[in-house]
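The numbering used here puts the sequence shown at residues 21 to 203.
Even for Gly, the Cβ is constructed at its ideal location relative to N, Cα and C.
As the structure is a computational prediction, the values presented were derived from the model and not from experiment.
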Amino acid sequence: MTKNDVLNAIRGRRSVLRFEPKPVSEDEVEAILEAGRWAPSFANSQPWTFVVVRDEETKAKLGALVERLAFARRGQVALTGKGVGDAPVLIAVVVDPVKDPGHWIEAGAVATQNMALMAHSLGLASYWAGLRGRAEAEVKRILGIPRGMRVVALLPIGRPAYTPREVERVPLSEIVRRDRFGG
Ligand SMILES: Cc1cc2nc3c(=O)[nH]c(=O)nc-3n(C[C@H](O)[C@H](O)[C@H](O)COP(=O)(O)O)c2cc1C
Numbered sequence: 021m022t023k024n025d026v027l028n029a030i031r032g033r034r035s036v037l038r039f040e041p042k043p044v045s046e047d048e049v050e051a052i053l054e055a056g057r058w059a060p061s062f063a064n065s066q067p068w069t070f071v072v073v074r075d076e077e078t079k080a081k082l083g084a085l086v087e088r089l090a091f092a093r094r095g096q097v098a099l100t101g102k103g104v105g106d107a108p109v110l111i112a113v114v115v116d117p118v119k120d121p122g123h124w125i126e127a128g129a130v131a132t133q134n135m136a137l138m139a140h141s142l143g144l145a146s147y148w149a150g151l152r153g154r155a156e157a158e159v160k161r162i163l164g165i166p167r168g169m170r171v172v173a174l175l176p177i178g179r180p181a182y183t184p185r186e187v188e189r190v191p192l193s194e195i196v197r198r199d200r201f202g203g
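(1) Buried or exposed, going by whether 16 or more other CB atoms sit within 10 Å of the CB of R33?
(2) So does L137 have its beta carbon nearer than 7 angstroms to some heavy atom of ligand 1?
(3) Per DSSP, what are the beta-bridge partners of I162 in this structure?
(4) Might you give, ordered along the chain, the residues of its own chain that have their beta carbon closer than 6 angstroms to the beta carbon of S61, omitting 5 neighbours on each side?
(5) What residue from K102, S146 and A157 has the CA that sits closest to V114's CA?
(6) Shorter than 7 angstroms, the distance from the beta carbon of P201 to the closest heavy atom of ligand 1, or not?
(7) Can you give the beta carbon distance from V204 to I111, rounded, assuming they're within the 8 angstroms contact cut?
(8) Quick one: is the Cβ of F91 within less than 7 angstroms of any heavy atom of ligand 1?
(9) Using the Cβ count rule (16 or more neighbours within 10 Å means buried), how would you classify N134?
(10) Which same chain residues, not among the five before or five after E48, have their C-beta less than 6 angstroms away from its C-beta?
(11) Taking the straight line between their C-alpha atoms, what separation do you get for G168 and P117?
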């Protein structure tokens, strides 16, 4: 398989739920936000706002919410002691469907992935928590997000406190079809 920096970053990024108590600098946060800013969007509509949370009380509330949602990798970490709220920084990806009624989900998703990859390239880890229903409403209330806007993801970011277990992906032979989907 081709060796390539982008591909290595994409493959190497893992969801991590516990973070070292080491700070994430403003320069690092800015690089991560810059990666989000340069995400593509429909007609370059850029419908996103990134809410950077460093306030301890707010992080604790959002962290508790991510803990509730984090079913996927939970078995890997002791859920006692430190939690997601101890991540040095959390970024909420907010989009305005008025700016991009047809593709706001994709816009938020691609900005989130850009930021997760940038964080990874800086030696940081993140955990993409997708938000729907009551969880989204709760985040909107905690962060004072206006009614019509949507929160696509919460991204806690910090230095990983453990080495995440390897995960696999379905092989290309099962997900790629050539020229036509069906016979
Ligand atoms: C749109 C989206 C929503 C997600 N929401 C959750 C979630 O609510 N809970 C959770 O445990 N993981 C969530 N994840 C993280 C996935 O579980 C994780 O990316 C997947 O298990 C693959 O692991 P990896 O990120 O380490 O490659 C979400 C990921 C994406 C892209």
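By the coordinates alone:
(1) In the sequence shown, counting from the first residue as 1, residue 33 sits at position 13. That one is buried.
(2) Residue 137 sits at position 117 when you count from the first residue of the sequence shown. L137: no, Cβ never under 7 angstroms from ligand 1.
(3) Counting from 1 along the sequence shown, the entry for residue 162 is found at position 142. According to DSSP, I162 bridges with nothing at all.
(4) By 1-based counting over the sequence shown, the position of residue 61 is 41. Around S61: A127.
(5) Stepping through the sequence shown from its first residue, residue 114 is reached at position 94. With distances taken between Cα atoms, V114 lies closest to A157.
(6) For the purposes of this step, residue 201 is taken as the residue at position 181 of the sequence shown. Note on identity: in this sequence residue 201 is Phe, with Pro being the wrong assignment. Incorrect: F201 has no Cβ contact closer than 7 angstroms to ligand 1.
(7) Nothing about residue 204 can be reported from this structure: the residues present for the chain run from 21 to 203 only.
(8) Residue 91 sits at position 71 when you count from the first residue of the sequence shown. Yes; taking the cut-off as 7 angstroms, the Cβ of F91 has a heavy atom of ligand 1 nearer than that.
(9) Here residue 134 corresponds to residue number 114 of the sequence shown, with the count starting at 1. Classification for N134: buried.
(10) The sequence position of residue 48 within the sequence shown is 28, counting from 1. Excluding sequence neighbours, E48 sits near L142.
(11) What you label residue 168 is simply residue 148 of the sequence shown in a count that begins at 1. What you label residue 117 is simply residue 97 of the sequence shown in a count that begins at 1. Looking at the two C-alpha atoms, the distance is approximately 7 angstroms.
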